[in-house]
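All remarks here apply to the structure that follows.
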Amino acid sequence: MPASLTTTFTNRILQGAAASLLVLALAGCSTTKDRMTTGSVPKLTKPVEEMDATELRSATDRLGQAYEKNPRDPVTGVNYANLLRMNGRDTQALAVMQQVAIANPADRNVLAAYGKAQAAAGQFQQALDTIGRAQTPDRPDWKLISAQGAILDQMGRASDARQRYRDALDIQPNEPSILSNLGMSYVLTGDLRTAETYLRSAASQPTADSRVRQNLALVVGLQGRFSEAEQIARRELSPQQADANVAYLRGMLSQQNSWQKLAAKDKTPQAAGDSSTN
Numbered sequence: 017m018p019a020s021l022t023t024t025f026t027n028r029i030l031q032g033a034a035a036s037l038l039v040l041a042l043a044g045c046s047t048t049k050d051r052m053t054t055g056s057v058p059k060l061t062k063p064v065e066e067m068d069a070t071e072l073r074s075a076t077d078r079l080g081q082a083y084e085k086n087p088r089d090p091v092t093g094v095n096y097a098n099l100l101r102m103n104g105r106d107t108q109a110l111a112v113m114q115q116v117a118i119a120n121p122a123d124r125n126v127l128a129a130y131g132k133a134q135a136a137a138g139q140f141q142q143a144l145d146t147i148g149r150a151q152t153p154d155r156p157d158w159k160l161i162s163a164q165g166a167i168l169d170q171m172g173r174a175s176d177a178r179q180r181y182r183d184a185l186d187i188q189p190n191e192p193s194i195l196s197n198l199g200m201s202y203v204l205t206g207d208l209r210t211a212e213t214y215l216r217s218a219a220s221q222p223t224a225d226s227r228v229r230q231n232l233a234l235v236v237g238l239q240g241r242f243s244e245a246e247q248i249a250r251r252e253l254s255p256q257q258a259d260a261n262v263a264y265l266r267g268m269l270s271q272q273n274s275w276q277k278l279a280a281k282d283k284t285p286q287a288a289g290d291s292s293t294n
């Protein structure tokens, strides 16, 4: 790890940012179609990723009513729990998934969603066990493997996490969500240059979504290039969403002028033997 990233304050910022974003990556590792299946579930007017806070609350309320009518239905329960997590209601999402998993103990999609809810609630070992039960050795799911990597990263097991991401890439080469998680893994250990390499590769893929580019914006900003980070953060988003993302970046990176300090330190010549990566 570079010497300029070894201070307690800087590591605290990196770890807090990366942990929260890895949870988001974990929550969003399935597609919008996977999360929002039509049928008995109320239809949404737009993709979840494009909703503002008011729209998310409205959709959550509608799905909550559907869940109350049929709490055993796996599709309704999984979708409702996902929306609850997007609203920051992790404890409630976990309670919903516990009930759905009891009613559908052999449903692979339910087990995967239950594991994600456990991870979002901080129950990392339980989440690994649950997602492991959802996996099938003869037909491994790369999304579940990548999700395991995100959980391992939050447990401080970076080496194991990165092996999981590489296992997932063996199944789904150049998948942007896996590359993004791998890049964020290096953020956790303070290796911003390696993180940026993976995140730029992720963002260059045709199927990359806005979450990947927001992770790239974070890493660029953490290296002191805030103008470039702001340009990345504003791409393909509505003005309101872009303003919110930029405000988040500014708020985090400007704490005690942390990003300016980081930029200044990164310009300091590295001592011999301090430039290696993990």
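Here my numbering is used: the first residue of the sequence shown is 17, the next is one more, and so on.
Think of the CB as a built atom: it goes at the ideal place given N, C-alpha and C, for glycine as much as any other residue.
Please read all numbers here as calculations on a predicted model, not as lab measurements.
Of the residues the options, the one placed nearest residue i, counting alpha carbons only
i: F140; options: R73, M171, L238 and A150; result: M171
i: I147; options: G131, L100 and D157; result: G131
i: G237; options: Q142, D169, G199 and L208; result: L208
i: F242; options: R266, L195 and T223; result: R266
i: V235; options: D183, T213 and S220; result: T213
i: M200; options: S162, P222 and E246; result: S162
Residue i and residue j closer than 8 Å at C-beta
i: Q115; j: P156; result: no
i: V228; j: A249; result: no
i: N103; j: T76; result: yes
i: P192; j: A218; result: yes
i: A166; j: N197; result: yes
i: M67; j: G93; result: no
i: A177; j: D169; result: yes
i: A135; j: W158; result: no
Residue i - DSSP class collapsed to helix/strand/coil
i: N231; result: helix
i: E191; result: coil
i: M67; result: coil
i: G93; result: helix
i: T210; result: helix
i: T152; result: coil
Close Cβ partners of residue i (< 7 Å) along its chain, the five nearest in sequence each way excluded
i: Q164; result: L144, I147 and R180
i: A150; result: R124, L127, A128, G131 and L160
i: A137; result: D106, T107 and L110
i: R216; result: L232
i: G80; result: Y96
Neighbourhood of residue i by C-beta, 6 Å cutoff - its chain only, sequence neighbours within 5 removed
i: D123; result: P90
i: A109; result: A97, L100, R101 and A133
Chain D within 8 Å of residue i, Cβ atoms only
i: A117; result: Of the protein chains in the structure, only one exists, and it is not chain D.
Same chain, Cβ closer than 8 Å to residue i, five either side skipped, listed in chain order
i: L72; result: V64, L99, M102 and N103
request  = Identify every run of the alpha helix (DSSP H) within the stretch 87-146, keeping only runs that are complete inside it and at least 4 residues long; order them along the chain.
outcome  = Within the stretch 87-146, the complete alpha helix (DSSP H) segments at least 4 residues long are 90-102, 106-119 and 124-136, listed from N- to C-terminus.
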